[in-house]
Every structure is written in C-alpha cells, then in structure tokens.
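Chains as they are written, first to last, in our numbering: chain A, 301 to 415; chain B, 144 to 257.
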C-alpha cells in the first residue's frame with residue numbers, strides 16, 4: 301500500500317461544468333476526510349466518513365458539493381455547476397478510527413482550476 | 144470555535160542554522176492535540192510532530208522540537224541544524240479530544256538557503 305492516492309492531480313474546467321474527484325485511502329483506514337485549500341490558506345475541513353457513513357459536513361460544503369464513499373473504500377467528491385470560487389486544492393486524508401496519536405495520512409491533492 | 148494563528152507568512156534561514164516557527168491558538172477546550180505539518184512543493188502534507196495538551200513535556204522528533212505553553216496558548220516549532228529538504232510550507236493544526244477534524248493555521252513558508 302503506497303498511501304493515499306488522489307485522481308486526477310490537476311483538473312481545469314469551464315464554469316458551470318460538473319467535476320468529480322476520486323480518493324483511494326490506505327486500505328486499513330476506515331476514516332476518510334476531505335479538505336479544501338485555497339491559495340495562501342491552510343486546509344479547511346469539508347467532510348468526513350467512517351466506513352461508508354458520512355458523519356459530518358462543514359457549512360463550506362454547499363448544495364453543489366456531494367461526497368460519497370460506497371462500500372467504505374474509495375471516495376468521490378463531486379462539484380456541480382462549478383464556479384470560479386471553487387478553484388482550490390482538494391485534499392483527501394485517511395486515518396484509523398482513533399487518529400490520535402497516529403495522525404492522518406494525506407494524499408497529494410487535486411488542483412481544480414475553474415475558468 | 145477554535146482558531147489557529149501563524150503570524151509569520153515567510154521565513155528563511157541559512158542551512159545548518161536553527162529556526163523557530165510561531166503558532167498561537169484559541170480554544171476553550173482543555174483536552175486537545177496540536178500538530179505541525181510540513182507541505183513540500185510536491186504538496187503531500189506530512190506530519191512533523193504532535194503534542195498532547197495534557198502532557199507537560201515538550202515533544203521532540205530528531206531535529207524537530209516544540210515549545211508548548213498551554214497557558215499562553217502557544218505552540219512553536221524549532222528546527223535545529225536545518226537542511227535543504229526542510230524547505231516547505233509548515234502548518235500548525237489543532238484538534239480537540241474526541242473530534243476528528245483538524246483546524247489549520249495559514250502556514251509559514253520556510254526556505255533554507257544553501
């Protein structure tokens with residue numbers, strides 16, 4: 301297992317289009333998190349799953365955003381009707397049920413550019 | 144709500160020197176954890192060091208150590224004998240006990256000069 305992988309690494313899309321990102325966590329990790337990082341800022345929490353259940357969503361996750369984790373394995377984050385303000389790095393992380401003190405393992409992120 | 148503040152947007156030091164990155168936080172919680180993460184240009188966030196708030200002893204990991212001042216809500220990172228590979232963005236992060244999400248600061252861009 302080589303860690304958390306995210307696909308694609310980069311995505312350029314036109315405003316109004318839908319995009320979907322994928323995250324494959326470390327196989328034995330049952331928690332999966334999505335964060336968004338804009339230029340010059342630290343990552344901001346979006347949502348997290350424990351197995352297939354979505355346990356918390358940030359108010360940053362508007363109705364245009366949806367995340368799924370079918371079967372508790374990989375996760376997808378979809379953004380509908382993209383806006384320029386959605387341009388950011390989308391980071392995925394995974395952890396065991398008790399992430400402390402082991403912490404989280406982050407992926408390399410998907411950079412979204414909306415033109 | 145918790146907030147994390149990193150007041151140094153950028154820093155640079157000569158290779159082999161020691162550098163200290165500052166972080167302050169605000170919380171009403173008593174049980175929490177603090178982290179320093181490193182994000183190199185390749186972008187993957189890597190855990191550098193963590194501190195449990197209930198522990199008085201400052202955490203150390205090889206060349207990395209922290210100065211945790213709970214009363215002052217301060218959590219600085221000291222990098223000794225800095226190396227070129229330490230060049231990265233460094234983020235301070237907070238999570239309260241029993242919670243799962245991290246609250247990050249805005250980061251400090253550290254450049255190690257050969």
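Using N, Cα and C, we set each Cβ at its ideal position, and we do this for glycine too.
My output table needs one value for residue i: the three-state DSSP class, helix, strand or coil.
i, result
"residue 199 of chain B", "coil"
"residue 181 of chain B", "strand"
"residue 229 of chain B", "helix"
"residue 384 of chain A", "helix"
"residue 428 of chain A", "Since the first residue of chain A shown is 301 and the last is 415, residue 428 of chain A is not available in this structure."
"residue 221 of chain B", "strand"
"residue 311 of chain A", "strand"
Given that a residue counts as buried once 16 or more other Cβ atoms are within 10 Å of its Cβ, and exposed if not, what is residue i?
i, result
"residue 257 of chain B", "exposed"
"residue 161 of chain B", "exposed"
"residue 251 of chain B", "buried"
"residue 181 of chain B", "buried"
"residue 383 of chain A", "exposed"
"residue 408 of chain A", "buried"
"residue 375 of chain A", "buried"
"residue 343 of chain A", "buried"
"residue 312 of chain A", "exposed"
"residue 325 of chain A", "buried"
"residue 377 of chain A", "buried"
"residue 197 of chain B", "exposed"
"residue 369 of chain A", "buried"
"residue 231 of chain B", "buried"
"residue 361 of chain A", "buried"
Since I believe residue j is in contact with residue i (beta carbons under 8 angstroms), could you give me their beta-carbon distance rounded to a whole number of angstroms?
i, j, result
"residue 396 of chain A", "residue 329 of chain A", "6 angstroms"
"residue 178 of chain B", "residue 236 of chain B", "4 angstroms"
"residue 336 of chain A", "residue 411 of chain A", "That belief does not hold up - the Cβ atoms of residue 336 of chain A and residue 411 of chain A are roughly 11 angstroms apart, past 8 angstroms."
"residue 158 of chain B", "residue 227 of chain B", "6 angstroms"
"residue 249 of chain B", "residue 149 of chain B", "6 angstroms"
"residue 358 of chain A", "residue 345 of chain A", "5 angstroms"
"residue 191 of chain B", "residue 168 of chain B", "That pair is no contact at about 16 angstroms."
"residue 388 of chain A", "residue 405 of chain A", "Rounded, the Cβ-Cβ distance is 20 angstroms, inconsistent with contact."
"residue 245 of chain B", "residue 164 of chain B", "Wrong, their Cβ atoms sit about 17 angstroms apart, outside the cutoff."
"residue 414 of chain A", "residue 315 of chain A", "6 angstroms"
"residue 341 of chain A", "residue 322 of chain A", "At roughly 24 angstroms, the Cβ-Cβ gap does not stay under 8 angstroms, so residue 341 of chain A and residue 322 of chain A are not in contact."
"residue 293 of chain B", "residue 222 of chain B", "This structure does not reach residue 293 of chain B, given that chain B is present from 144 up to 257, and the question cannot be answered."
Any heavy atom of the ligand SAH inside 7 angstroms of the beta-carbon of residue i?
i, result
"residue 249 of chain B", "Among the components modelled here there is no ligand, and therefore nothing to report on the ligand SAH."
Short-range partners of chain B found in the region 301-325 of chain A, where Cβ spacing is below 7 angstroms: The residues in question: there are none.
Give, in chain order, every residue of the region 379-393 of chain A whose Cβ lies closer than 8 angstroms to some Cβ of chain B. 389, 391 and 393
Under 9 angstroms, CB to CB, which of the residues in the region 177-199 of chain B have a partner in chain A? Cβ contacts with chain A: 178, 180, 182, 185, 186, 187, 188, 189, 190, 193 and 195.
Listed from N- to C-terminal order along the chain, which residues in the region 238-252 of chain B have their beta-carbon within a distance smaller than 8 angstroms of any beta-carbon of chain A? 238, 240, 243, 244, 245, 246, 247, 248, 249 and 250
Output, in sequence order along the chain, the residues in the region 348-371 of chain A whose CB is closer than 9 angstroms to any CB in chain B. So the close ones are 348, 350, 355, 356 and 358.
Name the residues in the region 206-235 of chain B whose C-beta lies less than 7 angstroms from a C-beta of chain A; which are they? Against chain A - using a Cβ distance shorter than 7 angstroms - the residues of the region 206-235 of chain B are 234.
Any residues in the region 324-344 of chain A with a beta carbon nearer than 9 angstroms to a beta carbon of chain B? Which ones, in chain order? Those residues of the region 324-344 of chain A that come within reach of chain B (Cβ to Cβ, closer than 9 angstroms) are 331, 333, 335, 337, 340, 341, 342, 343 and 344.
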